[in-house]
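Chemist: These protein sequence lines are chains D and Z, in that order. Read the first sequence against our numbering and you will find it ends at 587, with the numbers running on by one and no gaps. Read the second sequence against our numbering and you will find it ends at 587, with the numbers running on by one and no gaps. C-beta atoms are modelled at their ideal positions from N, C-alpha and C, and glycine is treated no differently. My questions will all concern the structure given below.
There are 2 protein chains.
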Amino acid sequence: MPNGARALMSTLVNAGVEVCFTNPGTSEMHFVAALDSAPGMRAVLCLFEGVATGAADGYARMTGKPAATLLHLGCGLGNGLANLHNARKGKVPIVNIVGDHATHHVPFDAQLQSDIETVARNVSPTFVRTSRSTAELCRDAVDAVKAARGLPGKVATLILPADVSWGEGGVPEPPPQIPPPEPADDATVNAIASVIGSGRSAALLLGGGALGEDALLAAARVAAANGIKVFAETFPTRMERGAGLPPVERIAYLAELASVQVADIEELILVDAKAPVSFFAYPGKKSLLVPDGCKLHTLSTPEQDAAGSLEKLARALGADQATPKLAPQARPGRPRGKKLTAEKVCKAVGHLLPDNAILIDEAISSGLMLPRFTAGAPRHDLITLTGGAIGQGLPNAIGAAIACPDRPVLALIGDGTAMYTIQSLWTLARESLDVTCIIFNNASYSVLNIELERVGAEEAGPKARSQLDLNGPILNFARIAEGMGVPATRVSTTEDFLQALESALAKRGPSLIEAMVPPTLSGLKLKLLPHVLGSLDGLPRPIARILKRKIAP
Amino acid sequence: MPNGARALMSTLVNAGVEVCFTNPGTSEMHFVAALDSAPGMRAVLCLFEGVATGAADGYARMTGKPAATLLHLGCGLGNGLANLHNARKGKVPIVNIVGDHATHHVPFDAQLQSDIETVARNVSPTFVRTSRSTAELCRDAVDAVKAARGLPGKVATLILPADVSWGEGGVPEPPPQIPPPEPADDATVNAIASVIGSGRSAALLLGGGALGEDALLAAARVAAANGIKVFAETFPTRMERGAGLPPVERIAYLAELASVQVADIEELILVDAKAPVSFFAYPGKKSLLVPDGCKLHTLSTPEQDAAGSLEKLARALGADQATPKLAPQARPGRPRGKKLTAEKVCKAVGHLLPDNAILIDEAISSGLMLPRFTAGAPRHDLITLTGGAIGQGLPNAIGAAIACPDRPVLALIGDGTAMYTIQSLWTLARESLDVTCIIFNNASYSVLNIELERVGAEEAGPKARSQLDLNGPILNFARIAEGMGVPATRVSTTEDFLQALESALAKRGPSLIEAMVPPTLSGLKLKLLPHVLGSLDGLPRPIARILKRKIAP
């Protein structure tokens with residue numbers, strides 16, 4: 035019989051876990067040594083655990099199945115926690131393999147000894163297990179895969195003591211049986227159909243698994259036949275969009291705007307989504323953003339088949355043959371004018387976005403215009419920051435590119451954000467992944483300057499302000515990228531950016547473009563922010579009109 | 035009355051917490067805004083939380099008092115966890131301020147919502163508290179400072195909901211009363227004196243607070259008068275050493291060697307130290323490294339005054355006037371020969387180490403020769419990797435330089451290690467800290483190649499080996515450093531390294547030298563490792579002789 039590590043490896047591959055994003059240490063050496071015994075397992079080395087966990091997240095978003103991570107005890111798990119949090123919030127399946135000291139070594143409290151399970155509970159509330167014996171290891175692994183793959187996807191954490199890994203007597207297990215998800219039952223579907231037929235102002239709010247093509251088409255048919263609105267949650271895990279697919283308005287990040295979007299909704303129907311909630315709390319402002327009289331309904335939960343539920347709903351409403359509204363093919367023009375801005379970068383991306391791209395948006399304040407400028411671009415997948423823990427985008431790009439080697443990946447990343455997992459660049463280079471990274475360098479935590487105003491902390495002095503700027507020195511991302519083996523260029527004009535993007539998209543492999551841009555909101559009075567965003571963020575005209583009425587003098 | 039954040043700020047300053055290493059987000063904006071109200075609080079922005087926590091660790095090692103960190107919810111704490119682990123294992127005081135959502139926002143499970151306390155328990159088993167009201171906040175903060183500063187130092191975590199921070203009615207508190215630590219009681223001291231007087235082979239093992247000058251001198255007097263040995267723990271939090279101080283042999287990292295060091299010890303006396311334990315477990319090898327018959331005794335615990343206990347012991351043995359053995363002034367010569375090696379880098383550091391330096395050793399396998407080559411260099415402080423979570427050295431350098439602005443800091447860091455918290459370089463540049471970083475670029479996780487052999491995983495194939503190498507592409511740390519604003523040079527010859535080091539030490543401010551070196555152990559048969567290390571690692575001749583007898587054919 036093989037040792038634990040080898041048996042585990044073949045069990046994982048059998049269960050469909052075919053990629054492992056690794057950052058190993060000594061306690062994981064037998065797992066590492068077992069890699070060569072499993073031709074079906076690809077191992078991708080990352081230089082920081084947050085890269086490994088974010089890559090596993092991006093991989094699973096595109097394949098729908100979990101990758102493994104290989105992490106080094108509690109500290110390695112800690113380093114990976116932020117992106118596991120993003121995966122948890124995005125309902126993304128991941129199987130963490132966290133190496134631990136041999137069981138007999140634990141009582142000696144060696145340097146790396148810590149309580150791994152307490153850390154893991156933060157991201158794996160439903161499945162944390164320390165495998166107790168080599169004989170049981172593969173059953174534990176199958177349970178972990180099952181926990182991760184169930185709908186909704188979850189982060190499962192299997193702690194693997196070194197002696198369980200090196201012990202003889204591993205017993206490979208067959209893959210877990212995972213029942214297909216069911217759509218909403220008839221009673222629920224009929225009740226929702228009645229709500230929609232009531233004549234009150236209703237809207238569908240799509241999240242999670244309801245943002246793929248089938249679900250979007252079903253929702254768009256319901257909307258077309260019944261004159262209701264369709265919203266998407268603010269931060270989709272993965273959303274199919276672009277020309278030929280139904281356009282869906284996303285709930286805005288800013289609570290002030292989101293409240294306006296849903297202001298006239300009386301019946302909000304949730305499809306694998308939560309009612310919209312403010313990202314942060316602000317003094318004197320509400321957390322729940324729906325209007326007071328609005329009734330909440332649930333068509334389908336994260337445990338159910340969202341597309342199937344929407345299709346049942348369309349049939350119940352006689353809308354399954356309705357003609358859905360689809361986004362027309364409509365790229366923005368080539369941006370003009372010498373001065374480069376974040377808006378022009380987003381416009382250039384919309385202008386040049388290749389077919390079938392994967393677009394990763396972690397541009398924070400610099401990405402405000404991206405949804406509008408890509409709405410009619412060729413069909414693509416959008417990946418966003420699901421849990422608010424910045425540093426997700428570059429690792430996600432690794433995973434997405436490994437999941438879909440034939441699709442171009444574009445990652446739009448803020449400067450502050452990029453630094454959390456900047457080590458990603460090395461893995462992009464090592465694996466020759468076809469990823470174009472665009473870093474918006476505005477030399478500040480721009481969004482925090484907005485937030486400082488929003489929380490009402492207006493007395494901020496120079497020490498406070500200095501906590502939000504990234505100048506002195508200004509980071510040079512092109513240099514940093516070159517230092518990690520990624521070809522890079524730093525551009526300050528619109529034309530240079532366009533040329534750099536054309537060049538990057540024309541060849542396979544990783545590249546980085548550092549766009550030197552002013553903060554998106556500089557020179558604009560922040561008090562006018564809701565108005566400004568109302569006219570910029572792809573919001574429909576009626577909302578912009580309401581905002582103008584509210585704010586204009 | 036001030037708001038919670040302002041009251042907290044003045045309470046922290048009153049309690050001696052005068053530096054805050056920050057990586058804030060929206061939920062911490064009132065804390066940030068309050069910074070300008072407290073002239074006694076210095077705020078140091080870090081671009082990644084692991085930098086902030088490691089900087090707080092380095093600061094406290096050099097000042098003996100805690101800094102604060104400012105972290106953004108559970109994910110920010112997660113990112114900071116590895117270096118908090120190192121601080122916990124090193125018994126270093128830190129006060130974490132972890133921002134959280136406003137209390138009324140928590141039930142809405144917004145994107146960044148997670149269970150912060152479960153993460154915190156990993157590093158703060160004795161003090162995790164979520165402050166429940168503005169009125170109680172400053173009492174909570176004083177309790178946190180008290181928990182952190184008690185002997186031994188601890189990582190205390192205070193979770194600060196945004197509304198507790200922004201609420202009016204903060205009540206600043208006076209500093210906590212912290213009783214001075216007591217030395218060991220007379221009965222214990224007399225019992226240990228009897229053990230030493232018994233004629234059996236005894237040794238002192240010094241750790242924690244027993245590695246400062248007073249403690250070392252007292253231990254050296256006891257040793258000189260009684261003919262016993264003195265060891266230091268493997269990874270000191272902070273150790274004073276160099277010419278004019280007692281030389282102390284550190285227990286080796288490799289269990290094979292450590293066992294030999296203590297092979298003839300019959301009575302091991304612990305002074306703020308644990309009995310030596312293998313760093314990792316290995317199949318068929320013991321975890322506890324003292325010989326079977328060896329008796330363990332404790333002179334003083336981490337809760338007690340280690341130097342005072344050793345001084346009492348010296349008096350009890352009539353050794354308080356004995357002449358301690360001191361390290362003679364003896365720098366190594368200037369390294370020669372064109373080819374640069376890790377050994378020559380260490381030799382050059384010993385050759386050029388400035389007076390009163392702070393030496394941070396996270397060079398892993400490349401630093402094997404550092405203890406020997408700096409043993410007779412001018413007096414300095416040594417800081418090492420206390421918890422095994424790599425990525426400590428560069429952040430520690432930030433904190434040490436802020437704690438001791440008039441002392442030169444040298445940080446020797448392995449290439450793999452450097453990447454975990456590479457964002458540190460930006461803060462070094464921004465704060466103009468006098469730190470010389472030396473990165474050993476051997477393009478591999480060199481120590482893991484050793485460990486792969488040690489754990490007996492010898493069947494490793496190409497996939498396994500590729501998890502341990504850092505080539506394809508080889509990192510260029512000089513470029514990366516320049517990208518973060520730190521002047522840097524990459525050198526491949528001995529003379530170039532010497533010139534770069536001379537130049538870096540001649541001027542104030544940060545600099546980075548990337549030393550291109552082969553893996554320390556390349557070309558040597560790993561089976562001979564114990565012998566090789568026995569002759570290299572500053573071990574005394576008798577041990578080298580024992581090793582030779584054991585291993586020579």
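Please identify the residue among Ala-89/D, Ala-116/D and Ala-340/D whose C-alpha is closest to the C-alpha of Gly-110/Z.
Modeler: Nearest of Ala-89/D, Ala-116/D and Ala-340/D to Gly-110/Z, Cα basis: Ala-116/D.
Chemist: Can you say whether Thr-357/D is buried or exposed, counting buried as having 16 or more other CB atoms within 10 angstroms of its CB?
Modeler: Classification of Thr-357/D: exposed, given that the 10 Å Cβ count is below 16.
Chemist: I'd like the span of the alpha helix (DSSP H) that includes Asn-430/D, first residue to last.
Modeler: Its alpha helix (DSSP H) spans residues 427-437.
Chemist: Counting only C-beta atoms, is Gly-506/Z closer than 8 Å to chain D at any point?
Modeler: Interface residue, yes.
Chemist: Taking the C-alpha atoms as reference points, what is the distance between Ala-397/D and Arg-499/D?
Modeler: So the alpha carbons of these two residues sit roughly 21 Å apart.
Chemist: Any idea which residues DSSP pairs His-331/Z with across the strands?
Modeler: Its beta-bridge partners are Ile-303/Z.
Chemist: Check Glu-170/D in the structure and name its three-state DSSP category.
Modeler: Glu-170/D: helix per DSSP, three-state reduction.
Chemist: My understanding is that Thr-60/D touches Leu-467/Z, with C-beta atoms under 8 Å, so please give their C-beta distance in whole angstroms.
Modeler: With 8 Å as the limit, Thr-60/D and Leu-467/Z do not qualify as a contact, their Cβ atoms being about 32 Å apart.
Chemist: Going by beta-carbon coordinates alone, are Ile-484/Z and Ala-549/Z separated by less than 8 Å?
Modeler: In this structure, Ala-549/Z does not lie closer than 8 Å to Ile-484/Z by Cβ.
Chemist: Counting only beta-carbon separations shorter than 8 Å, does His-331/Z have a partner in chain D?
Modeler: No, no contact with chain D.
Chemist: For Val-457/Z and Cys-80/Z, which I take to be in contact (beta-carbon distance under 8 Å), what is that distance rounded to the nearest angstrom?
Modeler: First, the amino acid is wrong: residue 457/Z is Gln here, not Val. About 7 Å; that satisfies the 8 Å criterion.
Chemist: Which chain D residues sit within Cβ distance under 7 Å of Phe-82/Z?
Modeler: The answer, in chain order, is Met-453 and Tyr-454.
Chemist: Go through the stretch 105-143 of chain D residue by residue and report every complete run of the beta strand (DSSP E) that reaches 3 residues or more, in order.
Modeler: Listed in chain order, the complete beta strand (DSSP E) runs (minimum 3 residues) inside the stretch 105-143 of chain D are 128-134.
Chemist: Spell out whether any CB of chain D is found under 8 Å from the CB atom of Thr-271/Z.
Modeler: Not an interface residue.
Chemist: If I follow the unbroken alpha helix (DSSP H) through Arg-610/D, where does it start and stop?
Modeler: The structure shown does not extend to residue 610/D, since chain D spans only 35 to 587, so no value can be given for it.
Chemist: Rounded to a whole number of angstroms, what is the C-alpha to C-alpha distance between Ala-136/Z and Ala-218/D?
Modeler: Whole-angstrom Cα-Cα distance: 35 Å.
Chemist: Can the beta-carbon of Pro-127/D be found less than 8 Å from the beta-carbon of Gly-50/D?
Modeler: No, these two residues do not count as a Cβ contact at 8 Å.
Chemist: If I follow the unbroken alpha helix (DSSP H) through Asn-48/D, where does it start and stop?
Modeler: Run containing Asn-48/D: 38-48, per the alpha helix (DSSP H) assignment.
Chemist: Roughly how many angstroms lie between the CA atoms of Ala-74/Z and Ser-148/D, to the nearest whole one?
Modeler: Checking the displayed sequence, the identity of residue 74/Z turns out to be Gly instead of Ala. Approximately 35 Å, taken between the alpha carbons.
Chemist: Hey, how far is the Cα of Leu-69/Z from the Cα of Thr-164/Z?
Modeler: Roughly 21 Å between the two C-alpha positions.
Chemist: So, using beta-carbon positions, are Ala-353/Z and Ala-236/Z closer together than 8 Å?
Modeler: Cβ distance not < 8 Å, so Ala-353/Z and Ala-236/Z don't count as in contact.
Chemist: Looking at the secondary structure, which residues open and close the alpha helix (DSSP H) in which Ser-458/Z lies?
Modeler: Per DSSP, Ser-458/Z belongs to the alpha helix (DSSP H) from 458-464.
Chemist: Would you list the one or two residues that DSSP bridges to Asn-475/Z?
Modeler: Bridge partners of Asn-475/Z: Met-550/Z.
Chemist: Pull up the distance between the alpha-carbon of Leu-194/D and that of Val-47/D, whole angstroms please.
Modeler: Distance between the alpha carbons of Leu-194/D and Val-47/D is about 17 Å.
Chemist: Beta-carbon within less than 6 Å of Pro-590/Z's beta-carbon, same chain only, minus the 5 sequence neighbours each way: which residues are those?
Modeler: Because chain Z here runs from 35 to 587, residue 590/Z falls outside it and cannot be looked at.
Chemist: Kindly list the residues whose CB is nearer than 6 Å to the CB of Ala-89/D, restricted to its own chain and excluding five residues on each side of it in sequence; keep chain order.
Modeler: Around Ala-89/D: Phe-55, Pro-429, Ile-432 and Gly-433.
Chemist: Secondary structure at Glu-52/Z, three-state DSSP: helix, strand or coil?
Modeler: Glu-52/Z falls in the coil class under three-state DSSP.
Chemist: Tell me, please, whether the CB atom of Phe-511/D is closer than 8 Å to any CB atom in chain Z?
Modeler: Yes, Phe-511/D counts as interfacial toward chain Z.
Chemist: Report buried or exposed for Leu-558/D, applying the criterion of at least 16 other Cβ atoms within 10 angstroms of its Cβ.
Modeler: Unreliable positioning characterises Leu-558/D in this predicted model, as indicated by a pLDDT of 44, which lies under 50. A coordinate reading is not provided.
Chemist: Would you say Phe-265/Z faces chain D, with C-beta separation under 8 Å as the test?
Modeler: It does not: the Cβ of Phe-265/Z has no partner Cβ on chain D nearer than 8 Å.
Chemist: Counting Cβ pairs, one atom from each stretch, are 3 or more of them under 8 Å apart for the stretch 230-247 of chain D and the stretch 327-344 of chain D?
Modeler: Judged by Cβ distances under 8 Å, the stretch 230-247 of chain D makes contact with the stretch 327-344 of chain D, as three or more pairs qualify.
Chemist: Just mark Gln-355/Z as buried or exposed, buried being the case when its beta carbon has 16 or more other beta carbons within 10 Å.
Modeler: Answer is exposed; the Cβ neighbour count stays below 16.
Chemist: Tell me which residues of the stretch 97-116 of chain Z have at least one Cβ-Cβ distance to chain D shorter than 9 Å, keeping chain order.
Modeler: Those residues of the stretch 97-116 of chain Z that come within reach of chain D (Cβ to Cβ, closer than 9 Å) are Leu-104, His-106, Leu-107, Gly-108, Cys-109, Gly-110, Leu-111, Gly-112, Asn-113, Gly-114, Leu-115 and Ala-116.
Chemist: If you draw a straight line from the alpha carbon of Val-294/Z to that of Met-273/Z, how long is it in whole angstroms?
Modeler: Straight-line Cα distance between these residues: approximately 23 Å.
Chemist: At the level of alpha carbons, what is the spacing between Ile-394/Z and Leu-539/D?
Modeler: So the alpha carbons of these two residues sit roughly 44 Å apart.
Chemist: Indicate the three-state DSSP secondary structure (helix, strand or coil) for Arg-275/Z in the structure shown.
Modeler: Strand at Arg-275/Z.
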